[in-house]
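Each residue of the sequence shown is one higher than the one before, starting from 1 at the first, in the UniProt record's numbering. By construction, the Cβ of each residue, glycine as well, lies at the ideal position given by its N, Cα and C atoms. Note that the structure is predicted; figures quoted are calculated from it, not measured. Down below is the structure, laid out as structure tokens.
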Amino acid sequence: MRESETMPPEDADALIDSLALRIDAASDDGDTAALESLDAECANLLGPADPPDSLLHYFRSNVQDGLQSALNPHDWAWRQPHREKQILYLRKARDAFSPATLDPSRLAQIVTNLANQMNTLGRPVEALRLYDNVLRTRPRFAMALANRGFVRFCFARMVHDDGHRAVLTAYACRDLENVVDPNLEWDSAPANIINLVDAKAAEIRSAVDVDTVLARTDLDGWPLGEGSAKSYRLRMLDRRLFLNPLVMLGPHSIAAYDPLHLPSHTFTQGTVRPLLGWYNQMKQEFVGARLLYHEAMEAEPLDDRPPHFADDEVRLYDTLDYPALSIGTERLRLAFRTAYGLLDKVAGFVNAYFDLGHDPNRVDLRGVWYDNPRKRRALHSKIADRPNLALRGLYWLSFDIVGEPENGPDDTLAPEATHLNALRNALEHRCLVLTTETFGAHDDDGIEREDITTFRQNTERMLELVHEALILLSFAMHEEEIQKRRDGKDDTSVVDTVLPNYRRAWEEF
């Protein structure tokens with residue numbers, strides 16, 4: 001870490017250019033020693049003076065990309081240290097970005113690169129969220145548009161509903177064909193990018209009647225209800241929180257419901273596993289958390305509305321630290337707790353479906369993949385090298401949270417993961433007070449505090465992670481069932497069973 005010092009702008013620019021050129025040259029040459037040296041140089045420059053930390057983290061991610069290409073260009077391993085560091089540095093670069101020190105186009109590059117890595121690891125849902133974030137502010141950013149087309153196609157291949165798969169594939173093709181627009185903003189791109197895009201678009205058109213699918217798909221002609229129902233659905237569409245693959249096309253009313261469930265599947269003779277009931281319950285709990293979040297957003301203190309009647313005549317004292325005490329606040333806290341708890345339930349499902357044999361009372365999403373879930377060293381023999389991209393995506397999603405190991409490594413890939421875990425533990429076991437102001441707040445009195453706006457953002461992130469986890473879980477099971485049929489692991493008798501849709505007591509039969 002360097003001390004704060006002022007560097008003349010021309011010197012800072014020269015240093016930035018030098019670092020970029022040397023990293024590119026070392027990557028092109030596969031010079032791992034030079035890349036390691038450049039990584040150390042960038043790390044040493046981190047601090048308050050120029051160059052900006054966001055740019056240095058970005059350069060470090062490029063170093064890790066160069067190392068990955070030189071050492072393991074097509075690695076299918078379930079642990080990839082250089083790719084892991086690349087993701088961590090890209091996230092740090094994004095979080096440290098300031099338009100006062102860097103051009104916004106650099107942020108678009110950072111987030112696009114991060115999205116590309118998410119897709120490589122089997123996380124197209126997260127990748128598509130990131131591309132949309134870029135294109136929302138820079139709709140002509142070519143690399144985000146082109147890569148979104150490729151990732152929409154990859155995502156479509158995971159989907160087990162034929163109709164949804166066709167629609168997603170058609171819109172992937174449209175993205176790819178829009179890349180030829182001469183008005184797009186190109187920062188840097190592979191020399192053959194247009195050829196790659198054209199080839200993929202042609203491949204899609206040879207398999208799907210793209211024009212017919214697009215013509216028959218009405219994205220925004222579906223009813224959303226009225227009043228509070230409409231407000232709820234619009235917010236969930238905006239946050240992309242419906243359990244519907246089509247929600248990844250954007251906030252369109254066609255996706256304002258939750259059809260996603262488990263695929264058709266078989267059981268070993270003599271066993272009956274309540275997997276459908278398990279997924280039912282997780283899905284319902286997610287919908288409940290989603291609604292609690294929405295109701296919190298429409299209540300005080302996050303919205304200028306009258307207090308809830310349950311708050312009337314409740315004696316509380318003003319502790320002069322700006323506490324946010326209301327039913328709306330409690331709904332937000334419950335949404336966070338429910339969402340975080342669902343990740344452990346997803347782990348329990350993985351443990352049961354893949355017969356991992358872990359104690360169901362001591363399994364979490366960070367540890368379920370390993371022989372010893374507490375220490376997280378060696379992958380479980382039933383997980384290692386399994387050719388299931390969605391399952392790998394769920395595994396890599398687990399790196400965005402912190403588990404509860406006894407002696408496990410601190411290897412999370414999300415800078416905020418430790419804080420999210422601390423929030424969960426404080427909500428469950430200690431005293432966390434949400435506040436409307438941070439002025440004068442302190443955490444040395446046994447009470448932990450967080451600004452309610454920051455907590456809202458953390459709750460939204462937890463809901464996104466659970467949304468993605470439930471989608472990947474369904475897709476992973478679909479891939480596994482396909483693999484079973486390919487491997488001929490259906491030597492037991494198979495009886496087709498079709499279950500009716502669940503009807504609630506007040507619905508007409």
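Secondary structure at residue i, three-state DSSP: helix, strand or coil?
i           : result
residue 406 : Model confidence at residue 406 stands at a pLDDT of 48, short of 50, so the residue's coordinates are unreliable and nothing is read from them.
residue 356 : coil
residue 313 : coil
residue 151 : helix
residue 257 : coil
residue 416 : coil
residue 370 : strand
residue 343 : helix
residue 224 : coil
residue 302 : coil
residue 78  : coil
residue 243 : coil
residue 399 : helix
residue 262 : coil
residue 502 : coil
residue 98  : coil
residue 123 : coil
residue 217 : coil
residue 54  : helix
residue 423 : helix
residue 388 : coil
residue 393 : helix
residue 365 : coil
residue 10  : helix
residue 49  : coil
Considering only the alpha carbon of each residue, which of the options lies closest to residue i?
i           : options            : result
residue 87  : 400, 483, 278      : 400
residue 233 : 295, 360, 323, 195 : 295
residue 91  : 377, 311, 130      : 130
residue 381 : 374, 434, 368      : 368
residue 76  : 122, 280, 32       : 122
residue 31  : 69, 176, 353, 19   : 69
residue 252 : 379, 264, 236      : 236
residue 534 : 447, 435, 438, 414 : Since the first residue shown for the chain is 1 and the last is 509, residue 534 is missing from the structure and cannot be characterised.
residue 374 : 402, 386, 142      : 402
residue 155 : 184, 118, 308, 33  : 118
residue 332 : 348, 459, 220, 138 : 459
residue 329 : 463, 116, 203, 435 : 435
residue 55  : 81, 66, 72, 103    : 103
residue 149 : 351, 116, 79       : 116
residue 452 : 81, 303, 218       : 303
residue 510 : 378, 125, 15, 66   : Past the edges of the chain, shown from 1 to 509, lies residue 510, and the structure says nothing about it.
residue 338 : 461, 59, 200       : 461
residue 471 : 248, 358, 139, 93  : 248
residue 355 : 27, 183, 477       : 477
residue 213 : 200, 231, 166      : 166
residue 184 : 67, 351, 139, 433  : 139
residue 264 : 127, 483, 24       : 483
Let's test the definition: count the other Cβ atoms within 10 Å of the Cβ of residue i and tell me whether it reaches 16, buried, or not, exposed.
i           : result
residue 317 : exposed
residue 364 : buried
residue 345 : buried
residue 13  : exposed
residue 110 : buried
residue 396 : buried
residue 520 : Past the boundaries of the shown model lies residue 520; the chain is included only from 1 to 509, so the question cannot be answered.
residue 85  : buried
residue 136 : exposed
residue 173 : buried
residue 393 : buried
residue 19  : buried
residue 449 : buried
residue 473 : buried
residue 479 : buried
residue 57  : buried
residue 486 : exposed
residue 391 : buried
residue 50  : buried
Please report the Cβ distance between residue i and residue j, rounded to the nearest whole angstrom; I am assuming they are in contact, meaning their Cβ atoms lie under 8 Å.
i           : j           : result
residue 29  : residue 96  : Going by Cβ atoms, the distance from residue 29 to residue 96 rounds to 29 Å, so no, they are not a contact pair.
residue 275 : residue 292 : With 8 Å as the limit, residue 275 and residue 292 do not qualify as a contact, their Cβ atoms being about 26 Å apart.
residue 100 : residue 144 : About 23 Å; that fails the 8 Å criterion.
residue 254 : residue 218 : 7 Å
residue 260 : residue 245 : 7 Å
residue 197 : residue 176 : 5 Å
When DSSP builds the beta bridges, which residues end up paired with residue i?
i           : result
residue 435 : 323, 451
residue 185 : 141
residue 379 : 370
CB of residue i to nearest heavy atom of the ligand COA: below 6 Å?
i           : result
residue 456 : Of the ligands one can find in the structure shown there are none, so the ligand COA has no counterpart to examine.
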